[in-house]
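132 is the number of the first residue of the sequence shown in the numbering used here; add one for each residue after it. Take a look at the structure set out below.
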Amino acid sequence: MGYYHKACALMGLKRYMEVEKAMEKVLKLDQHCKEASSILSDCRILQLTELGFEEEQSKLLLEKFITVQAVLTSPDAKALKHTPQQDQSRSCRSLWVGNITLEVSEKNLLDLFKTCGEIESIRVLHERFCAFINFKNANMAAKALEKLQGVELGSSKLVMRYPDRWIQRTVPSLQRSTAGLNSSAAGTQQSSSATGLRRRVATNGDECFYWRTTGCDYGDKCRFKHIPDQQGRDKKP
């Protein structure tokens, strides 16, 4: 189960694309592994929420198209991109960039993103595996978002979106488009990624994944078990 333990460690680092590949290999070896199926589903949902989809929308899209790549190329996903939220964000000149590994430097990002326009500043947060790129104007940011989404830098493919705080500031009442999906998506609460808390994930049946790895943000309020002698057991050295 080397792939499984590797995926658990990568999940704590939020390297979801690598988690997906590792769990797919686990399921090829044991297609009945429920824990691998659960983590694979969670990491796919988290990839989509990082790209700006609501959690409920992500679940519905994945039920229909299975993989993240299939979702992103689907007409349903393309229709969801044309929501008021996205239109408002077109006036934003900043981008949030995820999957930034320790080997990626500020210069690496500058060399890549300057191909889309003049950059005013770059802020790299290695401890959060992300960066913020600030362009001179919104058109440059929009061009980078379209051109560089999914480009490989270091050992991971970049994921990008407009920063959450900008969207919350420009769209006080978040409106959602379902584009033919189940209408219940419009009544779903905003995803945990937008509040700063990580999505709750189970492992070993009903144990808290983050309790066993990097630490759980929910504490006593977490709905999964926090077994004292298992705290940090799967944390990557």
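We put the beta carbon where it would ideally sit given N, CA and C, even for glycine. Values in this document were obtained by computation on a predicted structure and should not be read as measured data.
Decide if L249 is buried, meaning its Cβ has at least 16 other Cβ atoms within 10 Å, or exposed.
-> A quick correction: the sequence has Glu, not Leu, at residue 249. E249 should be labelled exposed.
### Message
Strictly under 8 Å for the Cβ-Cβ distance: is K159 near chain D by that measure?
### Response
The structure shown contains no chain D, having only a single protein chain.
**Request:** Using beta-carbon positions only, say whether G229 and V290 come within less than 8 Å of one another.
**Result:** yes
Check your understanding: For D173, is the classification buried or exposed, using 16 other Cβ atoms within 10 angstroms of its Cβ as the cut-off for buried?
Key -> buried
Should L226 be counted as a contact of the ligand PLP given a C-beta to heavy atom distance under 7 Å? With respect to small molecules bound, the structure shown includes none, and the ligand PLP cannot be examined in it.
Excluding the five sequence neighbours on either side, which residues of its own chain have a C-beta within less than 6 Å of the C-beta of E96, listed in chain order? Lying outside 132 to 368, the shown extent of the chain, residue 96 is not represented and no answer is given.
Check: Given that a residue counts as buried once 16 or more other Cβ atoms are within 10 Å of its Cβ, and exposed if not, what is R175?
Finding: buried
Discussion item. Can you tell me whether K356 is helix, strand or coil according to DSSP?
Written reply: strand
- request: Give every residue of the same chain whose Cβ lies closer than 8 Å to the Cβ of A140, excluding the five residues on either side of it in the sequence, and list them in chain order.
  value: T344, D365, K366 and K367
### Cβ neighbours of E251 in the same chain (closer than 7 Å, five flanking residues each side left out)
N265, F266 and K267
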